[in-house]
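Q: One structure coming up, written as structure tokens, with questions to follow.
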Amino acid sequence: LVCQIATGVLAALGLLAVTGTITALISSGGITERLWDAAPQLVVIAAATALRALLGIAVVWLTGRLRPVLGRAAELTMIEAALGAELAANNKPGYNDAYDIADRGAQVTPDLVEEAQDVLAATATLTAGAAVLTVLHPLLLPLLFLACLPQAAAYIRSARVLYLAALETSGRRRMLGKLRWHMAYTESSEEMRACLAGPFLIGRYRKLAASVNAAERTAANTGAWMGLAGAVAGGLASTAVWAALLWLLTSGRMSLAAGGGAVFALQTATGSVRGIINGGARLVRTGWYVQDWQNFLDNAHGQAMADSRGTAPVTAAPERFEVRDVTYRYDGAPKDSLSGISLHVRRGEIVALVGENGSGKTTLSRLLCGLLLPTEGDVAWDHASTADLDPWESWKHVALVPQKFTYLPLTMRDNITFGQGDTSDAALLAACEASGAAEMLPGLRSGLNTLLTSEWFGGQQLSGGQWQRLVLTRAFHRQAALLVMDEPTAALDARAEHRIFAGLRELAKDRAILLITHRLTNVAVADRIVVVNEGRIVQEGTYAELTQQPGLFRTLWELQRRMSGATP
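In the numbering used here, the protein residues as written are 485 to 1052.
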């Protein structure tokens, strides 16, 4: 800002010096005398020009330093807001679209610096030109501003049209991004070829891209017509300004020297006004995108865990985890996912959840973890409601093996620990032994420090089964009081699967284990089996009891035995 103010002052001095130079050059006397009289003004012009150039370099340098800082800060602020929101927010209609729109705002946030600098620079120069015009004749300045209004209005309206088109196509552009990712990503490459999905998705991509292009083309055409109308109106108004200057000169209301200075001042001011209009239109459009970023922050903060939950600490590892008459419905869902559910699991106990797809098992496990809060009822850890506990402190006592786990481009060590707990080799190797991941280590070129992706030099890609072992290692390493295992061996071979279930009893000595699996022979290790159907508990008992009782468990168990060739 200081640099731009100084630039404006120097511009004003330069314009006044131009007027002085013209006055000296057209005065009476010999050419040498007139040049000598104009010399001080020429020195001022040269000095002002040089200083303005130096200040311009300083502005570029400062802007280059500030842009990346502002961009990273905007991204981190958005990520922190998303992580601080309730998990349920991700399931709300429009939330993820709002995140993508906000991401565009975060990306263009650095542009605010450059665009604001452009507007400030043009404003400073305009101020200088306006000051000189006011000194030369007060009529010229208001005429100049009136001449610029049509073009300014047209540019802003055009920018608004383009912004609204981008907003209207945001969902389709998000889908285009996902299609590009799946068509090119390594994990999807086999299906793209073997299932002939590639040609089908390319056709879908072309159709979707054509609709986006059509919307953007319409917006561009509308914006161009608005710009043309503004330019025509601005041109007519500018003609009036120059006609007014000519009238002032011919009527004797302005001297020839002042007229020459006015020409330079008008050219400077007109160029500055165009800069303000162009830069201002870009700045306004960027501001709209940044407002989308702010809207997402407000949305996420409105669903923040800090507002919906308490701050009570979890001073010791809980002994009992309990769901009391809980009902849960996802936002926008037509019916409850869970209804009237009551369940408990204690440390030292293994409880298995069994049921068909969509019965509510995973939702129930996330409630018990404190990741979700119930619509009705209560979830308690040692009689303390999870709604009253500090969520980040409480999750230190939870280890989760989800069905869909995350592949992170980090080292094996970081993928296991996430920077938490005992990060020593001894602790990690013990967890690897429990999960069977120790068998992978000899094949990794840098052991625990191997980067687990082939997309960067020096990294290695794991198979699906190896990743599942790593996720199990992560859960075992946490030493958490509650261990939730949601289909923990779906990608493992029979030997590795047997190893995991054979070791569960040892793990349960100081943990409460909630096991979700469709392989019913594996739940024989559980102390209790809870059968869930359509969001309700329909059976509960031991493996021996439920295999003998008529009901859903026995029906599913017999189906699996028939498929394996065993006699019911």
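Beta carbons: idealized from backbone N, C-alpha and C, even for Gly.
All values reported here derive from a predicted model rather than from experimental measurement.
Buried or exposed: where does E1029 fall if 16 or more other Cβ atoms within 10 Å of its Cβ makes it buried?
A: Within the sequence shown, residue 1029 is the residue found at index 545, counting from 1. Exposed is the call here.
Q: Between W772 and Y583, how many whole angstroms is the CB-CB distance? I'm expecting something under 8 Å.
A: Locating residue 772 in the sequence shown gives position 288, counting from the first residue. Locating residue 583 in the sequence shown gives position 99, counting from the first residue. The pair is not a contact, with the Cβ atoms about 17 Å apart (cut-off 8 Å).
Q: Rounded to whole angstroms, what is the Cα-Cα separation between A914 and A980?
A: As a first step, residue 914 is located in the sequence shown; it is residue number 430 there, counting from the start. As a first step, residue 980 is located in the sequence shown; it is residue number 496 there, counting from the start. Cα to Cα, the separation comes out at about 16 Å.
Q: In or out: K845 buried (at least 16 other Cβ within 10 Å) or exposed?
A: What you label residue 845 is simply residue 361 of the sequence shown in a count that begins at 1. It counts as buried.
Q: Quick check: the Cα distance between T973 and L660, rounded to an integer number of angstroms?
A: One-based indexing of the sequence shown puts residue 973 at position 489. One-based indexing of the sequence shown puts residue 660 at position 176. Those two C-alpha atoms are separated by around 34 Å.
Q: For the stretch 703-715 against the stretch 638-653, are there 3 or more C-beta pairs whose distance is under 8 Å?
A: At 8 Å Cβ cutoff, the stretches touch.
Q: Tell me, please, which residues DSSP counts as bridged to G1025.
A: On the sequence shown, position 541 is the one that residue 1025 refers to. In DSSP, G1025 forms a bridge with I1013.
Q: Here's the rule I'm using: 16 or more other beta-carbon atoms within 10 Å means buried, otherwise exposed. How should A606 be labelled?
A: Position 122 of the sequence shown, counted from the start, is the residue given in the question as residue 606. So A606 counts as buried.
Q: Determine, using beta carbons only, whether L998 and V835 come nearer to each other than 7 Å.
A: Within the sequence shown, residue 998 is the residue found at index 514, counting from 1. Within the sequence shown, residue 835 is the residue found at index 351, counting from 1. Taking 7 Å as the Cβ cut-off, L998 and V835 qualify as a contacting pair.
Q: Mind checking who I997 pairs with in its DSSP beta bridge?
A: Taking the first residue of the sequence shown as 1, we reach residue 997 at position 513. I834 and L967, per the DSSP bridge assignment.
Q: Within 6 Å: the Cβ of G661 and any heavy atom of the ligand ATP?
A: The model on display carries no ligand, and the ligand ATP is accordingly not part of it.
Q: Taking the alpha helix (DSSP H) that V955 falls in, what are its first and last residues?
A: Taking the sequence shown and counting its residues from 1, the one referred to as residue 955 is at position 471. Run containing V955: G948 to H961, per the alpha helix (DSSP H) assignment.
Q: Can you give the beta carbon distance from D872 to G931, rounded, assuming they're within the 8 Å contact cut?
A: The sequence position of residue 872 within the sequence shown is 388, counting from 1. The sequence position of residue 931 within the sequence shown is 447, counting from 1. Incorrect: roughly 43 Å between the Cβ atoms, too far for contact.
Q: Using C-beta distances below 8 Å, list every residue in its chain close to R1038, excluding the 5 sequence neighbours before and after it, in chain order.
A: In the sequence shown, counting from the first residue as 1, residue 1038 sits at position 554. So the list reads L1030, T1031 and Q1032, once near-sequence residues are dropped.
Q: With a floor of 4 residues, list each alpha helix (DSSP H) that falls wholly inside the stretch 810-869, ordered by position along the chain.
A: 845-853
Q: Report buried or exposed for I506, applying the criterion of at least 16 other Cβ atoms within 10 angstroms of its Cβ.
A: Position 22 of the sequence shown, counted from the first residue, corresponds to residue 506. Low confidence applies here, because I506 scores a pLDDT of 49, under 50, leaving its location unreliable and the question unanswered by this model.
Q: Just how far apart, CA to CA, sit L680 and V716?
A: Here residue 680 refers to the residue found at position 196 when the sequence shown is read from its first residue. Here residue 716 refers to the residue found at position 232 when the sequence shown is read from its first residue. Computed Cα separation, rounded: 54 Å.
Q: So, with DSSP's three-state summary, where would you put A693?
A: Translated into positions along the sequence shown, residue 693 becomes position 209. Correct three-state label for A693: helix.
Q: Per the contact definition of three or more C-beta pairs closer than 8 Å, is the stretch 757-777 in contact with the stretch 847-856?
A: no
Q: According to DSSP, is A638 helix, strand or coil?
A: Here residue 638 corresponds to residue number 154 of the sequence shown, with the count starting at 1. It is helical.
Q: Could you give the first and the last residue of the continuous beta strand (DSSP E) run that contains V1007?
A: Taking the first residue of the sequence shown as position 1, residue 1007 is located at position 523. Segment: none, V1007 is in no beta strand (DSSP E) and carries neither H nor E.
Q: From the DSSP secondary-structure annotation, give me the bridge partner or partners of L884.
A: The residue given as residue 884 occupies position 400 in the sequence shown. The partner list for L884 (beta bridge, DSSP) reads V968.
Q: Count the other CB atoms, across all protein chains shown, that sit within 10 Å of the CB of Q1023; report buried if there are 16 or more and exposed otherwise.
A: As a working note, residue 1023 is residue 539 in the sequence shown. When all chains shown are included, Q1023 counts as buried.
Q: Note down, in chain order, each residue of its chain lying with its Cβ closer than 8 Å to the Cβ of V1014, except the 5 sequence neighbours on either side.
A: For the purposes of this step, residue 1014 is taken as the residue at position 530 of the sequence shown. Closer than 8 Å at Cβ, skipping near neighbours: L827, V835, A836, L837, V838, I1021, Q1023 and E1024.
Q: Under 8 Å, with one C-beta from each stretch per pair, do the stretch 959-971 and the stretch 869-885 reach the 3-pair mark?
A: yes
Q: Taking the DSSP output, what are the residues bridged to L925?
A: Within the sequence shown, the letter at position 441 stands for residue 925. Note: L925 sits in no beta bridge, so no partner.
Q: Do D977 and Q887 have their C-beta atoms within less than 7 Å of each other?
A: Counting from one through the sequence shown, the residue named residue 977 turns up at place 493. Counting from one through the sequence shown, the residue named residue 887 turns up at place 403. Remark: C-beta atoms of D977 and Q887 do not approach each other more closely than 7 Å.
Q: What is the rounded straight-line gap between the Cα of I761 and the Cα of Y579?
A: Taking the first residue of the sequence shown as 1, we reach residue 761 at position 277. Taking the first residue of the sequence shown as 1, we reach residue 579 at position 95. Distance between the alpha carbons of I761 and Y579 is about 35 Å.
Q: Quick check on DSSP: helix, strand or coil for T895?
A: For this step, residue 895 is matched to residue 411 along the sequence shown. DSSP places T895 in the strand class (E or B) of the three-state scheme.
Q: In this structure, does DSSP put E570 in helix, strand or coil?
A: If you number the sequence shown from 1, residue 570 lands on position 86. Note: E570 maps to coil in three-state DSSP.
Q: When you compare each of G942, D587, A921 and A694 to V955 by their alpha carbons, which one comes out closest?
A: Position 471 of the sequence shown holds residue 955. V955 has its Cα closest to that of A921, out of G942, D587, A921 and A694.
Q: Suppose you measure from the CA of F1059 to the CA of M896; what does that come to, to the nearest Å?
A: One cannot answer for residue 1059 here, as it falls past the ends of the chain, which runs 485 to 1052.
Q: Do A699 and A649 have their C-beta atoms within less than 7 Å of each other?
A: By one-based count along the sequence shown, residue 699 stands at place 215. By one-based count along the sequence shown, residue 649 stands at place 165. It is a contact, given that the beta carbons lie within the stated cut-off.
Q: Rank D809, P594 and S919 by C-alpha distance to the C-alpha of R983 and give the top, closest one.
A: Counted from its first residue, the sequence shown places residue 983 at position 499. Of the candidates D809, P594 and S919, the one whose C-alpha sits nearest the C-alpha of R983 is S919.
Q: Excluding five sequence neighbours on each side, which residues of the same chain lie with their C-beta closer than 7 Å to the C-beta of E559?
A: Here residue 559 is taken as the residue at index 75 of the sequence shown, counted from 1. These residues qualify, in order along the chain: A590.
Q: Between L907 and Q945, what straight-line distance do the alpha-carbon atoms span, to the nearest angstrom?
A: Within the sequence shown, numbered from 1, the residue matching residue 907 stands at position 423. Within the sequence shown, numbered from 1, the residue matching residue 945 stands at position 461. Before going further, note that residue 907 is Thr rather than Leu in the sequence given. Their backbone Cα atoms lie some 22 Å apart in a straight line.
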